[in-house]
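The numbering of the sequence shown is my numbering, which starts it at 4 and goes up by one.
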Amino acid sequence: KVITRLKAGKFLIIPQELGSAERYVGNWYLLAREVVNSPLYYIAFYSAMHYWGMLTQPLIKIFTATPKRQIVPLEMRDKLTFIFVKGKSIWGIKEEWVTKTEKVRISDLERTIIDAVVHPQYCGGITEIAKGIWLAKERIDYERLKNYVDRYGKNVVAKRLGYILEILKIEQPALLGQCKKYIRKRYDLFDPTLPMEKIDKNNWHLIDNVGQKQILDLVGH
Numbered sequence: 004k005v006i007t008r009l010k011a012g013k014f015l016i017i018p019q020e021l022g023s024a025e026r027y028v029g030n031w032y033l034l035a036r037e038v039v040n041s042p043l044y045y046i047a048f049y050s051a052m053h054y055w056g057m058l059t060q061p062l063i064k065i066f067t068a069t070p071k072r073q074i075v076p077l078e079m080r081d082k083l084t085f086i087f088v089k090g091k092s093i094w095g096i097k098e099e100w101v102t103k104t105e106k107v108r109i110s111d112l113e114r115t116i117i118d119a120v121v122h123p124q125y126c127g128g129i130t131e132i133a134k135g136i137w138l139a140k141e142r143i144d145y146e147r148l149k150n151y152v153d154r155y156g157k158n159v160v161a162k163r164l165g166y167i168l169e170i171l172k173i174e175q176p177a178l179l180g181q182c183k184k185y186i187r188k189r190y191d192l193f194d195p196t197l198p199m200e201k202i203d204k205n206n207w208h209l210i211d212n213v214g215q216k217q218i219l220d221l222v223g224h
């Protein structure tokens with residue numbers, strides 16, 4: 004067997020036939036669980052999108068939300084990213100089986116969507132998020148998502164989500180109506196990962212620097 008160090012006091016045993024840590028990925032969700040220093044962690048953002056079938060690309064890194072500030076061990080920096088979150092914002096989390104015998108904490112589908120529109124920079128940007136919502140549209144609990152919008156209570160979150168649903172023509176009147184209640188005079192960037200430019204007009208008080216056509220082309224509309 005080959006042994007590689009995860010962090011101080013924790014090591015990964017690798018099947019000898021694989022030869023080296025570089026060739027062995029193992030279960031990345033379990034890797035994150037073993038390295039993180041808080042039991043309140045959860046697998047989040049791009050990694051949670053991957054788990055819930057919102058991505059078409061392979062998983063190359065694990066994003067882990069944690070209420071305890073922590074530096075990623077040098078050996079794992081190409082595989083793990085820790086994102087600090089406040090303890091009071093840790094909700095909408097499930098324990099999911101990732102092997103026959105092991106579970107990890109992961110944001111549920113609806114919380115994953117909320118986290119994505121809060122922090123597009125950790126989820127590949129608005130186009131990736133919109134595509135993910137489209138891929139998962141038949142599995143989303145829209146009533147739960149509406150409740151999560153209220154629980155999070157941030158205007159920009161409701162506006163980004165509402166605008167995405169409107170572009171994709173996902174007809175959920177109750178959720179859209181709830182999102183519209185958060186429209187205020189202030190204008191926010193639709194995608195904070197992109198330069199500020201106004202491509203399309205909208206009624207959500209968002210500066211659309213993505214463009215509806217780009218999103219619709221991506222989902223095959």
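C-beta: ideal position from N, C-alpha, C; glycine also.
Everything numeric in this text was worked out from a predicted model, so none of it was measured.
With DSSP as the reference, label residue i as helix, strand or coil.
| i | result |
| --- | --- |
| residue 207 | coil |
| residue 103 | coil |
| residue 143 | coil |
| residue 87 | strand |
| residue 187 | coil |
| residue 98 | strand |
| residue 192 | strand |
| residue 163 | helix |
| residue 218 | helix |
| residue 65 | strand |
| residue 170 | helix |
| residue 72 | coil |
| residue 80 | coil |
| residue 212 | coil |
Which residues mark the beginning and the end of the alpha helix (DSSP H) in which residue i is found?
| i | result |
| --- | --- |
| residue 271 | Residue coverage of the chain in this structure runs from 4 to 224, which leaves residue 271 outside it and unanswerable. |
| residue 119 | 112-121 |
| residue 130 | 129-139 |
| residue 50 | 48-54 |
With distance defined between alpha-carbon atoms, name the residue in the options nearest to residue i.
| i | options | result |
| --- | --- | --- |
| residue 39 | 49, 174 and 83 | 83 |
| residue 61 | 67, 68 and 53 | 53 |
| residue 71 | 92, 210, 154 and 79 | 92 |
| residue 107 | 41, 207 and 147 | 41 |
| residue 81 | 73, 89, 155 and 66 | 66 |
| residue 98 | 36, 126, 59 and 199 | 36 |
| residue 114 | 132, 191 and 192 | 132 |
| residue 85 | 59, 77 and 68 | 68 |
| residue 140 | 44, 58 and 30 | 58 |
| residue 181 | 191, 189 and 165 | 165 |
| residue 33 | 102, 73 and 76 | 102 |
| residue 153 | 187, 169 and 117 | 117 |
| residue 206 | 149, 187, 197 and 198 | 187 |
Short of 7 angstroms in beta carbon distance, which residues of its chain neighbour residue i, apart from the five on each side in sequence? Order them along the chain.
| i | result |
| --- | --- |
| residue 142 | 112 |
| residue 134 | 221 and 222 |
| residue 130 | 213, 217, 218 and 221 |
| residue 145 | 175 and 178 |
| residue 185 | 158, 161 and 162 |
| residue 28 | The predicted model places residue 28 with a pLDDT of 42, which falls under 50 and marks its position as unreliable; any figure quoted below should be read in that light. Nothing listed; no residue qualifies. |
| residue 126 | 48, 49, 52, 119 and 132 |
| residue 268 | Because the chain in this structure spans residues 4 to 224, residue 268 falls outside the shown range and cannot be described. |
Leaving aside the five residues before and after residue i along the sequence, list all residues of the same chain whose C-beta is less than 6 angstroms from its C-beta, in chain order.
| i | result |
| --- | --- |
| residue 194 | 123, 128, 129, 212 and 213 |
| residue 90 | 70 |
Keeping to the same chain, check which residues put their C-beta closer than 8 angstroms to that of residue i; ignore five residues upstream and five downstream.
| i | result |
| --- | --- |
| residue 96 | 45, 108, 109, 110, 111 and 114 |
| residue 201 | 210, 211 and 212 |
Taking 8 angstroms as the line, does the beta carbon of residue i fall inside it for any heavy atom of the ligand MN?
| i | result |
| --- | --- |
| residue 124 | Absence of the ligand MN is noted for the structure shown, with no ligands found whatsoever. |
Spell out whether any CB of chain B is found under 9 angstroms from the CB atom of residue i.
| i | result |
| --- | --- |
| residue 176 | Given the protein chain composition of this structure (a single chain), no chain B is represented. |
Would the region 30-48 count as touching the region 107-127 if we require 3 or more Cβ pairs under 8 angstroms? yes
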